[in-house]
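Each residue of the sequence shown is one higher than the last, beginning at 5 in this note's numbering.
First comes the structure, then the notes that go with it.
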Amino acid sequence: VEGLENANAAQQVEILKLKARVKKLERLNKVKSSNLRRLKKVGTSQRIESSEDVENEDTEVQEAVEVVTTAKLITEVVTAAATQIVAASTYIPAAKPKVLKIAAAAPAVSTKRRK
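Right, dumping it as structure tokens:
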């Protein structure tokens, strides 16, 4: 009987802890949803581009173009150097090595039995 009472008390404590956790999570979700609603309102409002924004975009585009052109130049230099290395590293044999084949003469094995 005592074991059942202890188990019942433990279950009630666990239920209370879980209820407190649920309340805490609901409060956090309520705060998050209100923040999301606020951000959505800000996002839907029209944003007027100033002249600084346009200038910043132009400089970013120019920088991107410069990066691409330098990358193309580097690629061309690397491919040119690679072709020179391949041409220089080709193997040109001066003469073919000759391997002499010497067969060792094996003594004849007799097939006759000696008495």
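Glycine included, every Cβ here is placed at the ideal spot set by N, Cα and C.
Only counting the same chain, and skipping five residues up and downstream in sequence, which positions put a Cβ closer than 7 Å to that of residue i?
i   : result
S38 : none
Going by beta carbon distance, what residues of the same chain come within less than 6 Å of residue i, once the five residues before and after it are set aside?
i   : result
L40 : none
L29 : none
In chain order, what residues of the same chain lie with their CB nearer than 8 Å to the CB of residue i, ignoring the 5 residues before and after it?
i   : result
E18 : none
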